[in-house]
Every structure is written in structure tokens, then in C-alpha cells.
Amino acid sequence: MRHDDCQVALFRFADGSIAKTAALYAPRCGMAPYYNLRAYGTMGTIERDTMALAKDEEDVHPPFVPVDGERIAGHGYTPEIEDWLDAIRDDRAPRCPFADGANSTLAALRAVRAADEGREMTVPDAREWMP
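Heads up, the sequence shown is in numbering that gives the first Met the number 0, so the first residue is 0 and it goes up one at a time.
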């Protein structure tokens, strides 16, 4: 492989929030439940199919409760591709605007380059140069 089979990237946003992403190219397991999604915030946490949401700032250890939702099998991009094709056919905007897709791609490409070069890099905003 040209790149490592496991890559992790940290992104710091303009508002100070931080995101961590991981890409595994050769996992030896099926798709992780709920894509192994974890989101941490000042008022709550979501981990796969559970969440803990604080009622207020005093509620520092809210219990985890199940999240009702359909458990999706397979790769999660199929609905996005179907929506994109339907948007072309129906002459409408897709659910994910082009600039959002471009920004996601730019972030991933910059993360790989930053890892290769061993340094931090800024991610340009496609909306600043797109027509």
C-alpha cells in the first residue's frame, strides 16, 4: 500500500472544537455498529447506539440511554449516491451541496499530506473560491 492501512486525523475548527477521524483500509471485521460513531460535546455524548445528554450544566454525569434507530448494514454511501443520481435525474440540488463534498475531500487530502510531511496544515474552504 502507498499509505498506512490505518490513518487518524485531528481537525481543529474555527470555533475551537476538535474532531478526530480514522480511516481503516483493511479491517478484518464487518462494518462497525453505527459506523463506530462517537461525538463528545459540553452537553452530552453519543457513542454508537447510546447517548448521554445533560439537562443543564449541573448534570455532569447523565446516564447513557439507547438511541432508537435502524441498524444499517453495508456501506453508508449508498443513500448518498442514490440521492446524487436522483438529483441529476430530477434536476434538483442533492442533499449534500457540492461545496460540502469538496470541503470533506479537501480535509481528507490535507490530512494525508500533513501526515506524510509531519506537520499541521490548514484546510481551505471551497466556498471561498467556487463560483
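Glycine residues also receive a C-beta, built at the ideal position from the N, C-alpha and C atoms.
Please classify residue 25 as buried or exposed, where buried requires at least 16 neighbouring CB atoms within 10 angstroms. exposed
What residue from 83, 31, 11 has the CA that sits closest to residue 100's CA? 83
Using 8 Å as the Cβ pair cut-off and three pairs as the minimum, do the segment 28 to 36 and the segment 7 to 16 touch? no
Tell me where the beta strand (DSSP E) around residue 43 begins and ends. 43 to 46
Per the DSSP calculation, residue 38 is bridged to which residue(s)? 45
Output the distance between the C-alpha atoms of residue 119 and residue 98, rounded to the nearest integer angstrom. 23 Å
Do residue 66 and residue 44 have their C-beta atoms within less than 8 Å of each other? no
Residue 38: buried (16+ other C-beta within 10 angstroms of its C-beta) or exposed? exposed
Is it buried or exposed for residue 110, if we count other Cβ within 10 angstroms and need 16 for buried? buried
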